[in-house]
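Our numbering numbers the first residue of the sequence shown as 207 and each following residue consecutively. Beta carbons are placed, not taken as given, at the ideal position from N, Cα and C, and that holds for glycine. Fair warning: this is a prediction, and the values are worked out from it, not measured in the lab.
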Amino acid sequence: YLFSTLIIEINSNLYIGFIYFILLTSCKIRDNPDEQIIDYSDYKNKSSLYLFDYEKIVLESTGSIDVKIENCNLYLDIYEDLVILGEVKNDSKVNKTNIEITVDFYNKGGEKIISAAIPAHINYLRGGSRLPFYYYLTEREKYIDISKIKIGVNYKNCYERFEGNPIVENESYYYKEDYLIIEGKVINIGEGKIRNLKLFCTFY
């Protein structure tokens, strides 16, 4: 009986303390009328993410005869970051180096509001090969202004002949618990050794 009474009193005190806390936090005195006070309701106005529709954004890719920008896609991830995906394809027989993907964001008036350059994860792109890329835009306050995204690529030709020639063979894949396991091997059919080898996997 004593134990029950103690519990009731503790809960009662907690309840009163909780009400008191709510009153304190909701009765903020505004000393400076020019000071901006951010309220959660502000996120639901016209310039908020609630009205942002990324599917209306136009994706425009600019390439060259040798190098193409393909398979571009745009979506919002679970963290509400705007993600841009795509591939760079080398349509020529000449290796490409110093590859840099450019991403420019425009508003409805055609004004460039954000510009970014994405360095490639590899040093060389062989003829006929593809290179996946991605970019995360985290400036959420600018999402609502974006009307068009233009994607381009800068590169240099590389006429150096490589002795190493790696070939990737995909042998199998399977699921283990919450993971997708992909197994394979890399075969060097060239005459020289290969250095700084990187593997890329693109999911369609």
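Spatial neighbours of residue i within its chain, please: CB distance less than 8 Å, with the 5 preceding and 5 following residues excluded, ordered by chain position.
i, result
"Tyr410", "Asn277"
"Tyr312", "Lys318, Ile319, Ile352, Ser353, Lys354, Ile355 and Lys356"
"Ile263", "Leu280, Ile352, Ser353, Lys354 and Ile355"
"Tyr330", "Asn301, Lys302, Thr303, Cys364 and Phe368"
"Ile435", "There is simply no residue 435 to check, as the chain begins at 207 and stops at 410 in what is shown."
Enumerate in chain order the residues of its own chain whose CB-to-CB distance from residue i is below 7 Å, with the five nearest sequence positions on each side excluded.
i, result
"Gly333", "Asn296, Ser298, Lys299, Val300 and Asn301"
"Asn371", "Asn394, Ile395 and Gly396"
"Thr344", "Asp287"
Under the rule that 16 or more other beta-carbon atoms within 10 Å means buried, what is residue i, buried or exposed?
i, result
"Ala326", "buried"
"Arg401", "exposed"
"Tyr342", "exposed"
"Gly292", "buried"
"Ile271", "exposed"
Excluding the 5 residues flanking residue i on each side, which residues of the same chain have their C-beta closer than 6 Å to its C-beta?
i, result
"Thr408", "Pro338"
"Ser335", "Asn296"
"Ser321", "Asp310"
"Lys314", "Ser353"
I believe residue i touches residue j by the beta-carbon criterion, under 8 Å. Please report the beta-carbon distance rounded to the nearest angstrom.
i, j, result
"Lys391", "Glu377", "7 Å"
"Ile307", "Val359", "5 Å"
Does the distance from the CB of residue i to the CB of residue j come in under 8 Å?
i, j, result
"Tyr381", "Glu389", "no"
"Val289", "Tyr349", "no"
Which ranges does the beta strand (DSSP E) cover as unbroken runs of at least 3 residues, wholly within the segment 347-400, from first to last along the chain?
For secondary structure counted as the beta strand (DSSP E) over 3 or more consecutive residues, the segment 347-400 holds these complete runs in sequence order: 354-364, 372-382 and 385-394.
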